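Here's the structure, in structure tokens; my notes come after.
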Amino acid sequence: MEKLTSRERVRLAIDHQEPDRVPIDMVPMVQTYINLKKYLGIEVEEELNPGSWTNVPVHPVVMDRLGLDIVHVGPGKPKNWTPRTFPDGSVEDEWGVRRKVVWHGTSYYNEIVYQPLVDATIDDLADYPWPDPDDPGRVEGLAERVKKIYEQTYYAIMARFGGSVNDGCWYMRGQEQWLMDYVLNQDFVETMLDKMLDITIRINEN
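Numbering of the sequence shown is given in the numbering used here, commencing with residue 4 and proceeding in unit increments.
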């Protein structure tokens, strides 16, 4: 089989057909990415803006060196919301979850240090200040970014507009409490999952 472009390769794999090789993807944490570029001897100018879990996008030079096939594209930052930083250095996201940079000897990670719905009831869910899925900042310039990648590269484009709905719940509720809720508070679980799913769907529809 002749060598395929990344886009052709991923499309075949999605269609359950055999490509020329297995498509490769990578979502590195920032310190891992810095160390990797140093190891490979790659020096490129780029602005690293780590996500909630310190993940960063991969520069095209690194992608080509490693044979990566997929570019991730996500929503922009909401216009009608501003992150808050607290005295302990933790930063609150639009869901009310606070994360703090913690150094682990060789790298750092944004550890969750505050979860706003640990003691919440079903009634509290109705009054909670949930993120606005229709905030225009999420899609501002998005079509142009995707068009540029599509027209100027051969990479496959993956949309990342939210992660696991279940994970989002325990980020806010606390993992231990959330797992207990599945057994002891199933009405709460159903209500919160419905709310999280509704927000996620609306973000994707926009």
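Quick reminder that beta carbons are idealized off the backbone N, C-alpha and C, glycines included.
All values derive from a computational prediction rather than experimental measurement.
Query	Result
Grouping DSSP H, G and I as helix and E and B as strand, with all else coil, what is Tyr157?	coil
So, helix, strand or coil for Lys82, using DSSP?	coil
If we call anything under 7 Å between Cβ atoms a contact, is Val76 one with Ala162?	yes
With three or more C-beta pairs closer than 8 Å as the rule, is the segment 49-61 touching the segment 30-41?	yes
Can you check which of these residues, Ile206, Ser9 and Val100, is closest to Gln155 by C-alpha distance?	Ser9
Quick one: what does DSSP say Lys41 is sitting in, helix, strand or coil?	helix
With which residues is His75 paired in a DSSP beta bridge?	Met161
Taking a contact to mean a Cβ-Cβ separation below 7 Å, would you say Ile45 touches Val65 in this structure?	yes
Can you tell me the Cβ-Cβ gap for Ile27 and Asp72, rounded? I've got them flagged as a contact below 8 Å.	6 Å
Locate the alpha helix (DSSP H) running through Trp56, then write down its first and last residues.	First-last for Trp56: undefined, no H or E at that position.
Are the beta-carbon atoms of Leu51 and Arg68 separated by less than 7 Å?	no
Quick one: what's Glu114 bridged to in DSSP?	Lys103
Pairs of beta-carbons, one from the segment 182-192 and one from the segment 138-149, closer than 8 Å: are there three or more?	no
Would you kindly work out how many angstroms separate the C-alpha atoms of Val168 and Arg205, rounded to a whole number?	13 Å
Enumerate in chain order the residues of its own chain whose CB-to-CB distance from Val13 is below 6 Å, with the five nearest sequence positions on each side excluded.	Pro26, Asp72 and Ala159
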